[in-house]
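Each position in the sequence shown, counted from 1, maps to that position plus 4 in our numbering. To start, the structure itself, in structure tokens.
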Amino acid sequence: MAGPYGKCLNAILTHEVVPGAVVQTDDEIEGFIRGTVDTVFHPVGTAAMLPRESGRAVDTSLKVYGMVNIRVINASIIPIHLLALSMQLQEK
């Protein structure tokens with residue numbers, strides 16, 4: 005009979021490593037998750053490319069309003085995350 009990981013993985017996944025046997029109760033599991041989980045997202049749309057008078061952050065050349073030759077070259081200028089567009093912005 006297959007174990008918790010199925011036939012293929014049973015040979016290499018022989019025991020639980022993380023969080024381990026010391027974490028058993030719901031409160032312990034919640035504490036473990038809250039103490040170890042972290043976000044890896046990259047916020048998008050936080051530096052919108054719109055006219056300065058609308059309160060936005062960068063112009064069409066990606067220059068930050070009010071700064072001298074400081075540019076935004078990441079996905080924060082677009083409203084949704086598009087990997088290809090992000091890569092093109094970095095090349096600009």
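By construction, the Cβ of each residue, glycine as well, lies at the ideal position given by its N, Cα and C atoms.
Check: Check this for me: beta carbons of Ile77 and Gln94, under 8 Å apart or not?; Outcome: yes
Check: Pull the bridge partners of Val72 from the DSSP assignment, please.; Outcome: Its beta-bridge partners do not exist; DSSP assigns none.
Check: What residue from Ile37, Arg75, Val48 has the CA that sits closest to Ile82's CA?; Outcome: Val48
Check: Note down the Cα distance separating Val27 from Arg38, rounded to an integer number of angstroms.; Outcome: 13 Å
Check: To the nearest angstrom, how far is it from the Cα of Leu17 to the Cα of Thr40?; Outcome: 21 Å
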